[in-house]
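Residue numbers (full-length UniProt numbering): 1 to 620.
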């Protein structure tokens with residue numbers, strides 16, 4: 001990491017002479033939208049600091065909560081992200097031109113004078129503005145993400161000096177594609193449909209229903225990727241039908257080296273979920289441990305690759321065809337979901353937070369029903385109990401409001417983490433081969449050189465800054481972590497229990513860590529038969545038993561079950577209904593992983609037996 005940081009610092013004279021990309025931007029006049037957002041802030045800082053020879057940078061800004069655009073930008077530039085910029089280029093404000101605009105208004109809220117100025121001067125348009133919050137009013141999201149894009153494309157066609165229009169999309173604009181190529185895909189909607197949805201949402205006081213949103217989104221899961229995919233279709237249409245020089249850039253985002261190590265600029269999406277894991281609020285994730293990839297990339301390398309893509313298209317294009325540049329780790333430097341979460345837990349224990357509510361631990365569950373049970377037991381119920389204590393002390397509830405933000409983010413993020421999803425990045429790998437050593441020092445974006453373990457460590461620094469925690473754990477935090485660990489691993493044993501005439505066998509003691517124990521009770525012979533010594537799991541139990549490789553039950557056909565949290569253990573009581581066409585004999589469920597060799601005999605049709613099982617979850 002230190003080598004990368006040192007390599008990224010060139011003298012001004014050396015950069016001016018050698019960097020092809022920096023030389024390309026010299027004298028350019030650029031229009032940037034979305035400069036106050038997470039990615040936009042880094043784009044703004046990078047251009048002003050590294051491409052200081054630009055002629056002008058026009059930024060489209062709107063007023064917010066009665067704060068004027070000058071005051072908003074003044075506040076933005078006070079952020080520590082711009083510390084290096086103020087040091088290296090103290091006169092950066094001379095290159096900035098603030099343009100008032102509002103993407104929700106007609107003609108983007110740009111005055112005729114400012115519009116004429118943009119048309120006469122702009123060489124490059126980088127359209128980065130979008131609404132990414134999934135809970136935004138549909139009409140606002142579609143107007144900003146789709147209609148605004150079409151308006152800017154119209155503006156671009158009027159610019160005589162335009163060299164390129166850049167649309168910053170997302171790696172998840174077409175989530176149903178397991179392998180996403182660097183090409184345009186058919187859009188899910190046209191402008192007419194978008195305008196009809198906006199009109200319906202605005203005319204209905206309560207807005208369009210969630211069911212209608214699901215019907216509209218279809219395979220796109222929600223309106224955010226739906227809107228980005230639709231906007232991509234508009235860019236392609238303008239590029240092919242009107243010969244507009246344009247590209248679509250699809251990134252995944254995180255943080256790495258610049259503007260400051262581990263900088264995290266918001267509390268949405270992965271950041272919010274990560275925080276919930278580190279403070280011990282969330283302990284269960286649904287994922288495929290072996291095959292799911294997390295396609296996340298550093299935000300500084302994202303910006304570098306974006307600027308390199310612009311240079312490549314203008315300097316090396318052979319046709320006027322629009323082009324797509326993907327940028328993600330799954331094709332370049334993949335990391336499994338399980339491995340990344342191991343790194344995150346390692347850092348969470350090495351650098352505990354003072355705001356921990358429980359000892360951080362993580363269970364990755366494949367089966368949705370099991371995940372739902374454990375998420376309720378380990379997250380929702382404890383959150384309710386803690387907030388009840390807060391209310392009794394006349395304090396504002398804290399954890400359930402936070403969970404209301406975490407759960408929608410997690411539910412949405414989980415849908416995008418698809419097993420073996422690959423984002424092809426051939427175009428940017430080609431750009432990397434064209435870049436010289438000076439380019440790579442100023443605009444480094446080679447993902448193969450990225451160390452995920454160091455990325456997690458840097459992210460932890462940024463997360464601690466976001467929470468206003470010291471970079472090193474305090475003695476109080478270390479003591480709290482130690483006490484919570486002792487409390488977490490100290491659990492009373494569950495004695496045998498009788499429930500509704502159904503005998504419950506005590507869970508086997510002394511089991512290995514992270515083993516799910518399922519003793520099965522034989523009703524007919526009144527004793528426990530063949531405890532699951534080989535790792536039979538609750539997942540397998542709920543998925544249904546198999547007899548001669550034929551499924552006899554499923555989660556839909558199982559009887560009701562109840563769950564209880566007792567001293568850190570999960571107790572599951574289950575009445576199971578299954579059928580058997582075998583001759584007489586005794587009920588026998590052998591100890592076999594996933595019960596693949598289950599032999600059922602002697603059970604009458606219908607209710608063969610009432611059976612109770614206990615589940616003990618032991619976390620290492």
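We put the beta carbon where it would ideally sit given N, CA and C, even for glycine. None of these values were measured; they are calculated from a predicted model.
- For residue 444 and residue 434, the gap between their C-alpha atoms comes out near 13 Å.
- DSSP lists no beta-bridge partner residue for residue 25.
- For residue 173, the three-state secondary structure derived from DSSP is coil.
- Here residue 283 is buried: its Cβ has 16 or more other Cβ atoms, across all protein chains shown, within 10 Å.
- Here the alpha carbon of residue 157 sits roughly 11 Å from the alpha carbon of residue 150.
- The beta-carbon separation of residue 352 and residue 473, rounded to 5 Å, stays under the 8 Å limit for a contact.
- Assigned with DSSP and collapsed to three states, residue 475 falls in helix.
- The three-state reading of DSSP puts residue 292 in strand, counting E and B together.
- Under a 10 Å Cβ-count criterion, residue 173 is classified as buried, with 16 or more other Cβ atoms of the shown protein chains found around its own Cβ.
- Nearest Cα to residue 469 within the set 220, 279, 176 and 345: 279.
- Here residue 27 is exposed, its C-beta having fewer than 16 other C-beta atoms within 10 Å.
- By the 16-neighbour rule on beta-carbons within 10 angstroms, residue 210 is exposed.
- Beta-bridge partners of residue 323 (DSSP): 247.
- Taking all protein chains shown into account, residue 90 has fewer than 16 neighbouring C-beta atoms within 10 Å of its C-beta and is therefore exposed.
- By the neighbour-count criterion, in which 16 or more other beta carbons inside 10 Å mark a residue as buried, residue 394 falls on the exposed side.
- Taken atom to atom, the span from the alpha-carbon of residue 369 to that of residue 379 is near 15 Å.
- Restricted to the segment 145-226, the alpha helix (DSSP H) segments that are unbroken, complete and at least 4 residues in length are 148-157, 191-203 and 210-217, listed in chain order.
- The Cβ atoms of residue 61 and residue 142 lie no closer than 8 Å to each other.
- Take residue 52, set aside five residues on each side of it, and the residues of its chain with a beta-carbon closer than 6 Å to its own are 89, in chain order.
- Where residue 140 is concerned, there is no enclosing beta strand (DSSP E), although the alpha helix (DSSP H) around it starts and stops at 138-142.
- The three-state reading of DSSP puts residue 457 in helix, counting H, G and I together.
- Proximity of the segment 165-185 to the segment 226-245 meets the contact definition, three or more beta-carbon pairs being nearer than 8 Å.
- When 133, 33 and 81 are compared, the shortest CA-CA separation from residue 153 is found for 33.
- For residue 56 and residue 331, the gap between their C-alpha atoms comes out near 36 Å.
- When only Cα atoms are considered, residue 42 and residue 50 end up about 11 Å apart.
- Excluding sequence positions up to five before and after residue 375, its CB lies within less than 7 Å of the CB of 284, all in the same chain and listed in chain order.
- Per DSSP, residue 374 is one residue of the alpha helix (DSSP H) stretching across 368-375.
- The beta carbon of residue 194 sits closer than 6 Å to the beta carbons of 142 and 146 from its chain, once the five residues preceding and following it are set aside; these are given in chain order.
- For residue 39, the uninterrupted alpha helix (DSSP H) segment begins and ends at 38-50.
- Assigned with DSSP and collapsed to three states, residue 64 falls in strand.
- As the crow flies, the alpha-carbon of residue 101 is around 9 Å from that of residue 69.
- Cα atoms of residue 398 and residue 358: separation of roughly 14 Å, rounded to the nearest angstrom.
- Ranked by Cα distance from residue 454, the options 439, 421, 120 and 297 are led by 297.
- About 24 Å separates the beta carbon of residue 292 from that of residue 223, a gap too long to meet the 8 Å contact definition.
- By the neighbour-count criterion, in which 16 or more other beta carbons inside 10 Å mark a residue as buried, residue 40 falls on the buried side.
- In the structure shown, the three-state DSSP call for residue 389 is helix.
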